[in-house]
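Novice: Before I ask anything, let me first share the structure, which is written out below as C-alpha cells.
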Amino acid sequence: MSDEKPAETPGPKPAADAAKPAAAPQPTAPAAKPAAAPAPKPPAPADATDHPLVAALAAAVAGAVAKATTFVGELTVEVAPEKLVETCRYMKETQRFDYLVDLTAVDWKDRAPRFDVVYWLHSFPKKSERVRLKAKVADGAACPSVSGVWLTANWMEREVFDLFGIAFDGHPDLRRILTWDGFNGHPLRKEFPVEGIDTGAAIYPDRYPEGGGPSSGDSNRKVVS
Amino acid sequence: MSETPRNVPPGTAAQVVESAQAPLLGVHEMELNFGPQHPSTHGVLRIVLRVDGERIVSARPDIGYLHRGTEKLFETETYPMVIPHTDRMDYVAAATNNHAYCLVVEKLLGIEIPKRAQYIRVLLDELQRLSSHLLWLGSCTMDLGAITPFFYVFREREVILDLFEDYCGARLTLNCMRIGGLPVDLPAGWTQKVHDFIEPFVQRVDEYEDLLSENRIFKDRTVGIGVLPLDRCIEWGVTGPAIRGAGLAWDLRRAIPYECYPELQFDIPVGKNADTYDRYLVRLAEMRQSRRIVQQCLAWLDQNPGAEIRGKVPRVIKPPAGEAYAAVEAPKGELGFYLVSNGSNKPYRLRVRPPSFINLQALPEMATGHLVSDLVAVIGTIDIVLGEVDR
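If you're matching them up, the sequences are chains A and B in order.
Following the working numbering, the numbering of the first sequence begins with 4 at its first residue and continues without gaps.
Following the working numbering, the numbering of the second sequence begins with 1188 at its first residue and continues without gaps.
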C-alpha cells in the first residue's frame, strides 16, 4: 500500500487546512437582537464535491460518493452502502485514515432508507484530519461490516446492532453487548418507549416465551421502573 | 457456561456465528468467571476467562450491567437538561463530560465563549484530571497489593473535591458548565485555595513516585505486562494514557485544540514500552503537567478579573438542523459527543464516544498469555469506569 500512496494523495495540505478550523468556525454573530432568536446566521451545509479528498475517493472507488458536504467545519461524505467496505479500505490504506474514532447510527423514523450508519475517521499522518462517512441503510437490511478494516469497529457495530437492530454482514461476533441476550427490542429506535418495556423473558423462561417480553400479553407487568 | 443468545432468530448470521464460535475447552483448560462482583474490576465488569492453570488463554469481557439508556434519555431532555446526565457517565470525571457536551452544542450554535470562562473551564478540567488520576492511582495500586498509596491519594483528592464543592456545590456529579459558559463565577478567595493546594502538590507526586516507581514488587507486577504496541493501539482505537504510553505524543488538547489550550504551556508525556508500567509513568507525568496548566490558569485569572462568564446564548437553545462532533481529552482518552439536531429544543440523537468502552475492547489482547493476577494490573491501567462503558 505504501507505494501507491503518493499517487493517491494529490492534496493532503488543503485537506488538512479544511479540517483545521473545526474548533471555532463560526465568528459569533455580534448583534444579538431579540433574545429569543438563535444564532442569527444559521450555518448551512456547503457542497464539498470538489474537496481534494472527496475527489480522490470518487476517482479511486467508482460510484462510492453519493454526496459530500461540509458543515461547521466537518466534512461528511455519503457513501453507497455496497461500496462501503471498499471505501473504508481505501480511506484507511491509501488515505491513511488509520483510526476509526466512532461508529454509530441515527434513526430517521419516517425516511425511506431508515438508518444512517455514521463513521468518524481520523488520520494520524495527516495532522489529525477527520472525515465522516455515512451510509444509508434500510430497516431490516444488513450493513456491510468494517470490523475487518478496523478492529475497533467490532464492539461499536455490536452496540449499533444491539441498540438499533441493524445487522452487520460479515461481523465475526454479532451479539448483543449492552442489553442482555434475551432482550426484546432495540432501545435507540424511536418507537421504543423511554420508560422501558417488560422484558422478563430471560429471567422467567417458563413464564415468557422465548424472546418474549411485551409480546407475551402479560398486562400486569407492562412497564419496569 | 454457554452464552447462547436466546433472542437471536434461528438461522440468522448472529446465530451461525455464535455456534461457530466458542470452541471446546482443551483438556487442561478451565473457564472462570472474573466478576461481575469482583473488587478489582472497578464496578460491574464480567470477564469470562479461559485459563490453563494460572495462564489466560482467552478473555471475553461481558459488559452492560450498568446500562441505563443514557443516550435514549438524552433525546427526551432539552439541551440544558442533558448536562446533569453527562455527569453520570464517567462519574469520577464529571467536568470533562460536561465540557465535551457543551462544546458540541456550542459548535452547532456557533457560540464563542468568553476568555474567562474558557480559562475556568480548563482549570476545572485539569483539577478533574488530577482527581481522576489520583483515584486511578489509589485503586490500581491497591489491586496490586500496595495499600499505602490509597490513603495518600485520597488525602489530595479530598481537597480537590472540596474545591469543587466550594465552586458548584457538588463533589462528584458537578454539573459545573453551561452551554455558552459557566453557571457562576468563581467564589471569592477560591483561586487562593487552589493555589494553596497546587503549589505543594508536586511534592505529593514525588511521594507517590518514591513509593512506587522504583518499588521492586510494583515493577515486578507491571513491567512488561499488558503490552499493546502503538500500531495495535491505533487499530483498536485506544486513546488517552494508553496510546501515549505506547510512544505517540497525541493529545487532543494539542492535536485538535479547544478552548484556551493553545495559549498554555505543557508537555505531552510519552512512554515507550507500551506496558502497564509505562502507562503508570505517563499518568504520573500528566499530573505534573496538569499542575502546570492549573498554575497558568490561576495566573491568568488573577490578572484578568472580570465577570463575563457566559457567551451570547439564546434563551431557548435550538441549534440549527445538522450534525457536529466535538471531543475533549478526558482523563481516560478521547471523549466525544456526536450531536444530530433537527432544529427542535431537544437533541434528535446524541451519541457519546466513550473512551472507557473502546479502550476496554483491547483488554483480551493485552491480557492473553499473562497470569490471572496480571489481568488485575491490566484492567487497572486501562482505567475504565463502568458508568461510561455501559452508559
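The beta-carbon is built from N, C-alpha and C at its ideal position, and this holds for glycine as well.
#1: With ASN1220(B) as the anchor, note down where its alpha helix (DSSP H) starts and where it stops.
#2: Whole-angstrom Cβ separation of ASP1570(B) and TRP1323(B), contact assumed at under 8 Å?
#3: May I ask you to check if the CB of LYS70(A) is nearer than 7 Å to at least one heavy atom of the ligand COA?
#4: If I follow the unbroken alpha helix (DSSP H) through LYS1505(B), where does it start and stop?
#5: On the three-pair Cβ rule with 8 Å, is the stretch 1258-1270 of chain B touching the stretch 1401-1412 of chain B?
#6: Output yes if chain A places a C-beta closer than 8 Å to the C-beta of TRP1437(B); else output no.
#7: I'd like the list of long-range same chain contacts for LEU1309(B), defined as Cβ closer than 8 Å, with 5 residues on each side in sequence excluded.
#8: Using 8 Å as the Cβ pair cut-off and three pairs as the minimum, do the stretch 1502-1517 of chain B and the stretch 1283-1294 of chain B touch?
#9: Any C-beta of chain B sitting closer than 8 Å to the C-beta of SER126(A)?
#10: Report back the beta-carbon spacing between VAL1340(B) and GLY1325(B) to the nearest angstrom; my notes put them in contact at under 8 Å.
#11: For a cutoff of 8 Å on Cβ pairs, would you count LEU1317(B) as touching chain A?
#12: Using a beta-carbon distance cut-off of less than 7 Å, what residues from the stretch 66-98 of chain A approach chain B?
#13: Use the C-beta contact count for VAL1503(B): other C-beta atoms within 10 angstroms, 16 or more gives buried, fewer gives exposed.
#14: Which chain B residues are close to ASP101(A), counting only those with a beta carbon under 9 Å from its beta carbon?
#15: Am I right that VAL149(A) and VAL88(A) are in contact with their C-beta atoms under 8 Å? What's the rounded C-beta distance?
#16: Take the Cβ of THR182(A) as the centre, count every other Cβ of all protein chains shown within 10 Å, and call the residue buried at 16 or more, exposed below.
#17: Hey, is the stretch 1426-1435 of chain B in contact with the stretch 1355-1372 of chain B, meaning 3+ C-beta pairs nearer than 8 Å?
#18: Thinking just about the alpha-carbon of each residue, which of LEU177(A), ARG114(A), ARG161(A) is nearest to the one in LYS139(A)?
#19: Please report whether the beta-carbon of ASP105(A) lies at a distance below 8 Å from any beta-carbon of chain B.
#20: Let's test the definition: count the other Cβ atoms within 10 Å of the Cβ of VAL1563(B) and tell me whether it reaches 16, buried, or not, exposed.
#21: Going along chain B, which residues have a C-beta under 7 Å from PRO55(A)?
#22: Between the alpha carbons of MET3(A) and TYR1535(B), how many angstroms are there, rounded?
#23: When the Cα atoms are used, what is the spatial distance from ARG224(A) to ILE200(A)?
#24: Given a threshold of 16 other Cβ atoms within 10 Å of its Cβ, counted over all protein chains shown, does GLU1473(B) qualify as buried or as exposed?
#25: Looking only at its chain, what residues have a beta carbon closer than 7 Å to the beta carbon of GLY1509(B), apart from the 5 residues adjacent to it on each side?
#26: Could you please give the first and the last residue of the uninterrupted alpha helix (DSSP H) stretch that includes HIS1320(B)?
#27: Run down chain B in chain order and give the residues with a C-beta less than 7 Å from the C-beta of ILE278(A).
#28: Looking at chain A, is there any beta carbon in it that lies within less than 8 Å of the beta carbon of ILE1455(B)?
#29: Between the stretch 66-85 of chain A and the stretch 95-113 of chain A, are three or more C-beta pairs nearer than 8 Å?
#30: Which parts of the stretch 140-171 of chain A are runs of the alpha helix (DSSP H), unbroken and 4 residues or longer, counting only runs that do not cross its ends?
#31: In terms of residues, what are the limits of the alpha helix (DSSP H) holding PHE118(A)?
#32: Using a Cβ-Cβ cut-off of 6 Å (strictly less than) and excluding sequence neighbours within five positions of MET4(A), which residues of its own chain qualify?
#33: Starting from the C-beta of ILE1545(B), find all residues in its chain whose C-beta is less than 8 Å away, skip the five residues before and the five after it, and write them out in chain order.
#34: Taking a Cβ distance cut-off of 9 Å, strictly less, list which residues of the stretch 1349-1367 of chain B are near chain A, in chain order.
#35: Which residue comes first and which comes last in the beta strand (DSSP E) that contains GLY1509(B)?
#36: Do ARG1247(B) and ILE1234(B) have their C-beta atoms closer together than 8 Å?
Specialist: According to the data block:
#1: Locating residue 1220(B) in the second sequence gives position 33, where the first residue counts as 1. Careful: ASN1220(B) lies outside any alpha helix (DSSP H), inside the beta strand (DSSP E) at 1216-1221.
#2: As a working note, residue 1570(B) is residue 383 in the second sequence. As a working note, residue 1323(B) is residue 136 in the second sequence. With a Cβ gap of about 5 Å, ASP1570(B) and TRP1323(B) count as contacting.
#3: Looking for the ligand COA in the displayed structure turns up nothing, as the structure carries no ligands at all.
#4: For the purposes of this step, residue 1505(B) is taken as the residue at position 318 of the second sequence. That residue, LYS1505(B), is in no alpha helix (DSSP H); it is neither H nor E in DSSP.
#5: no
#6: By one-based count along the second sequence, residue 1437(B) stands at place 250. It does; some Cβ of chain A falls within 8 Å.
#7: Numbered from 1 along the second sequence, position 122 holds the residue referred to as residue 1309(B). According to the sequence displayed, residue 1309(B) carries Val and not Leu. Hits under 8 Å: GLU1446, CYS1447, TYR1448, LEU1451, ILE1480, CYS1484.
#8: yes
#9: If you number the first sequence from 1, residue 126(A) lands on position 123. Not an interface residue.
#10: The sequence position of residue 1340(B) within the second sequence is 153, counting from 1. The sequence position of residue 1325(B) within the second sequence is 138, counting from 1. With a Cβ gap of about 4 Å, VAL1340(B) and GLY1325(B) count as contacting.
#11: The residue you call residue 1317(B) lines up with position 130 of the second sequence. With 8 Å as the cut-off, LEU1317(B) does not count as an interface residue toward chain A.
#12: PHE74, VAL75, GLU77
#13: Position 316 of the second sequence, counted from the start, is the residue given in the question as residue 1503(B). So VAL1503(B) ends up on the exposed side.
#14: On the first sequence, residue 101(A) is found 98 positions in, with the first residue counted as 1. Correct list: ASP1418, ILE1421, GLU1422.
#15: Here residue 149(A) refers to the residue found at position 146 when the first sequence is read from its first residue. Here residue 88(A) refers to the residue found at position 85 when the first sequence is read from its first residue. Yes, they are in contact, since the Cβ atoms of VAL149(A) and VAL88(A) sit about 6 Å apart, within 8 Å.
#16: To locate residue 182(A), count along the first sequence from 1; it is residue 179. Around the beta carbon of THR182(A), 16 or more other beta carbons lie within 10 angstroms, which makes this residue buried.
#17: no
#18: Position 136 of the first sequence, counted from the first residue, corresponds to residue 139(A). LYS139(A) has its Cα closest to that of ARG114(A), out of LEU177(A), ARG114(A), ARG161(A).
#19: Taking the first sequence and counting its residues from 1, one reaches residue 105(A) at position 102. Closer than 8 Å to some Cβ of chain B, the Cβ of ASP105(A) qualifies, so yes.
#20: Sequence index remark: in the second sequence, residue 1563(B) carries index 376 (1-based). VAL1563(B) comes out buried.
#21: Numbered from its first residue, the first sequence carries residue 55(A) at position 52. Those within 7 Å of PRO55(A) in chain B number zero; the least Cβ separation is about 20 Å.
#22: A query on residue 3(A) cannot be resolved here, the shown segment of chain A reaching from 4 to 228 and no further.
#23: In the first sequence, the residue the question calls residue 224(A) occupies position 221. In the first sequence, the residue the question calls residue 200(A) occupies position 197. With a pLDDT of only 40 at ARG224(A), under the threshold of 50, the placement of this residue in the model should not be trusted; the figure read from the coordinates follows. For ARG224(A) and ILE200(A), the distance between alpha carbons rounds to 9 Å.
#24: Position 286 of the second sequence holds residue 1473(B). Flag for GLU1473(B) reads buried.
#25: Taking the second sequence and counting its residues from 1, the one referred to as residue 1509(B) is at position 322. Excluding positions up to five away in sequence, the list reads LEU1295, SER1528.
#26: Numbered from 1 along the second sequence, position 133 holds the residue referred to as residue 1320(B). From DSSP, the alpha helix (DSSP H) with HIS1320(B) extends over 1302-1330.
#27: Here chain A covers residues 4 to 228 and nothing more, so residue 278(A) does not appear.
#28: Stepping through the second sequence from its first residue, residue 1455(B) is reached at position 268. Not one chain A Cβ lies under 8 Å of ILE1455(B).
#29: no
#30: Listed in chain order, they are 156-167.
#31: Here residue 118(A) refers to the residue found at position 115 when the first sequence is read from its first residue. Taken as a continuous stretch (DSSP letters only), PHE118(A) belongs to no alpha helix (DSSP H), being part of the beta strand (DSSP E) at 118-126.
#32: The count along the first sequence starts at 1 and reaches residue 4(A) at position 1. Below a pLDDT of 50, predicted positions are generally treated as unreliable, and MET4(A), at 39, falls in that range; the measurement from the model is reported next regardless. GLU96.
#33: In the second sequence, the residue the question calls residue 1545(B) occupies position 358. Here the set comprises TRP1423, GLY1424, VAL1425, THR1426, GLY1520.
#34: Look at the stretch 1349-1367 of chain B: it has no residue with a C-beta under 9 Å from a C-beta of chain A.
#35: Walking along the second sequence from the start, residue 1509(B) turns up at place 322. Run containing GLY1509(B): 1509-1517, per the beta strand (DSSP E) assignment.
#36: For the purposes of this step, residue 1247(B) is identified with residue 60 of the second sequence, where counting begins at 1. For the purposes of this step, residue 1234(B) is identified with residue 47 of the second sequence, where counting begins at 1. For ARG1247(B) and ILE1234(B), yes; Cβs fall inside 8 Å.
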